[in-house]
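Reviewing the structure listed below.
Protein chains in written order, with my numbering: chain A, 419 to 738; chain B, 4 to 130.
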């Protein structure tokens with residue numbers, strides 16, 4: 419009974435009414451934004467921003483690495499070439515091959531940076547860079563560097579070899595005053611000449627503090643494969659101790675000081691070569707390298723024994 | 004239409020900002036044709052040391068100045084002097100300091116802090 423007195427709950431919707439009303443175009447909630455417009459704007463904005471930041475107003479580079487330096491065909495405007503010049507100049511001072519290679523690696527010159535140096539030397543030479551003395555020195559330092567590493571380029575033939583002063587031993591007759599001969603009917607020479615000591619005369623005008631040359635080679639089993647170096651003062655009168663002498667070979671170098679064996683000569687120093695290796699001798703910062711490499715070839719002594727060729731080298735001061 | 008234009012402008016501004024941040028900060032344009040003057044400081048120091056070493060070999064002041072001008076320095080002697088004194092102050096490598104002192108002296112900029120690093124050659128002359 420009681421159940422019949424309770425009216426049934428009204429249906430949530432009338433059967434003839436839809437469960438929800440489809441909002442019309444004008445009744446939708448308006449977000450105030452067009453997604454298509456936003457998307458197109460974003461794309462255009464990003465493109466414009468990248469264009470401005472990469473092309474129109476790029477960040478001014480102040481942290482350039484050597485590999486980012488200007489390269490190109492114009493050899494004189496090629497900053498990498500000038501960097502290489504600096505590397506080889508430094509190498510001519512310190513002979514630190516590892517450091518030079520590291521610096522060349524920083525430049526990213528390709529698979530064979532040593533050959534790249536050789537090619538640059540050729541291009542520099544053809545550009546007229548070597549017309550100044552400083553340019554010529556720079557090119558020579560490059561040539562010395564790549565040749566020590568076994569590379570070659572057109573510069574090998576185009577650069578005149580360093581003019582080394584070969585020491586020429588000349589007998590200079592000097593007159594010794596004698597009393598005038600008594601008058602006689604037979605004419606005689608006015609003075610007798612006696613040979614004096616050897617005078618060493620440089621054959622070319624000196625340009626460096628010292629000029630070096632090989633003045634003899636010898637073959638001995640006792641002094642086997644030795645480079646004997648004599649550092650001498652102007653006029654070749656006395657040996658000079660305490661001067662640095664450098665010997666370079668492919669893959670290494672050694673610097674030693676004259677005068678460590680004063681019993682031989684105050685300016686004497688020597689270096690033991692390895693058979694078959696070529697060596698370049700110089701006084702760093704004071705002389706050009708001796709033009710021709712000293713090759714430790716096999717030789718036969720007077721007694722028929724096998725040995726390695728030894729060299730005697732002199733660096734003679736060219737100023738008083 | 005106005006709604007579209009407003010959205011386009013908002014998107015454009017946001018995109019522009021993003022593009023600039025990307026191009027200036029995240030992925031900067033990388034130069035490949037830079038002048039020597041743009042070298043990082045450490046490489047400029049290294050280059051200067053190489054030139055100083057070259058000067059130690061050839062004693063050619065003019066050549067050293069020409070080579071250092073590539074770094075874009077207005078006054079090469081002052082630049083070398085300041086670098087030398089900086090190396091001395093920061094206890095840099097002694098060989099580097101000696102090279103720089105020699106170059107600075109060659110450029111007429113030998114200052115009192117450099118005096119004790121002057122290298123006399125074994126024959127007693129100044130280099």
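Using N, Cα and C, we set each Cβ at its ideal position, and we do this for glycine too.
The structure presented is a predicted model; accordingly, all values stated were derived computationally and were not measured.
Residue environment: residue 692(A) is assigned as exposed (fewer than 16 neighbouring CB atoms within 10 Å of its CB, all protein chains considered). For residue 667(A), there is no enclosing alpha helix (DSSP H); the residue is found in the beta strand (DSSP E) stretching over 662 to 667.
Using a Cβ-Cβ cut-off of 9 Å, residue 38(B) is close to 482, 487, 488 and 497 of chain A, given in chain order. For residue 535(A), the uninterrupted alpha helix (DSSP H) run begins and ends at 531 to 545, by DSSP. At a cut-off of 8 Å between C-beta atoms, residue 7(B) counts as an interface residue with respect to chain A. The bridge partners DSSP lists for residue 5(B) come to none. The residues 506 and 509, in chain order, have a CB closer than 6 Å to that of residue 563(A) in the same chain once the five nearest residues on each side in sequence are set aside. The alpha-carbon of residue 17(B) is positioned some 41 Å away from that of residue 76(B). Residue 51(B) is classed as buried because its beta carbon has at least 16 other beta carbons within 10 Å across all chains shown. When the beta-carbon positions are compared, residue 685(A) and residue 649(A) come within less than 8 Å of each other. Three or more pairs of CB atoms, one per stretch, sit closer than 8 Å, so the region 113 to 123 of chain B contacts the region 83 to 93 of chain B. If you compare the alpha carbons of 573(A), 551(A) and 687(A) with that of residue 63(B), the shortest gap goes to 551(A).
In summary, the residues of the region 524 to 557 of chain A whose CB is separated from some CB of chain B by less than 7 Å are 552 and 555, in the order they occur in the chain.
Taking the Cβ atoms as the reference, residue 22(B) lies roughly 30 Å from residue 489(A), outside the contact range of under 8 Å. Residue pairing by DSSP places residue 734(A) opposite 629(A) and 650(A) in a beta bridge.
The criterion of a C-beta distance shorter than 8 Å is not satisfied by residue 713(A) and residue 689(A). The beta-carbon distance between residue 47(B) and residue 74(B), rounded to whole angstroms, is 6 Å. This is short enough to meet the 8 Å contact definition.
Taken in chain order, the members of the region 452 to 464 of chain A whose beta-carbon sits within less than 9 Å of a beta-carbon on chain B are 452, 453, 454, 455, 456, 457, 458, 459, 460, 461, 462, 463 and 464. For residue 96(B), the closest Cβ of chain A is not nearer than 8 Å.
Per the coordinates, the alpha-carbon of residue 630(A) lies some 7 Å from the alpha-carbon of residue 707(A). In this chain, residue 704(A) is not harboured by any beta strand (DSSP E), its DSSP state being neither H nor E. In this chain, residue 82(B) is not harboured by any beta strand (DSSP E); it is covered by the alpha helix (DSSP H) spanning 79 to 92. Contact annotation: residue 702(A) and residue 677(A) have beta-carbon atoms that are not nearer than 8 Å. Excluding its 5 nearest sequence neighbours in each direction, residue 120(B) has C-beta neighbours in its own chain below 8 Å: 91, 97, 100, 101 and 104, listed in chain order. Comparing alpha carbon positions, the residue from 473(A), 514(A), 461(A) and 456(A) closest to residue 30(B) is 473(A). Using beta-carbon distances, residue 99(B) does not count as an interface residue toward chain A, since no partner is under 8 Å.
Here DSSP, grouped into helix, strand and coil, assigns residue 487(A) to strand. For the C-beta of residue 109(B), not a single chain A residue is nearer than 7 Å; the gap to the nearest is close to 13 Å.
Per DSSP, the beta-bridge partners of residue 636(A) are 728(A). The DSSP-derived three-state label of residue 96(B) is coil.
If you compare the alpha carbons of 542(A), 537(A) and 731(A) with that of residue 654(A), the shortest gap goes to 731(A). Listed as beta-bridge partners of residue 558(A) by DSSP are no residues whatsoever.
For the C-beta of residue 512(A), the chain B residues within less than 7 Å are, from N- to C-terminus, 56.
Look at residue 46(B): its C-beta is under 8 Å from a C-beta on chain A. In terms of Cα proximity to residue 83(B), the closest of 61(B), 65(B) and 108(B) is 108(B). With respect to the 8 Å criterion, residue 663(A) and residue 729(A) are not classified as neighbours on the basis of their beta carbons.
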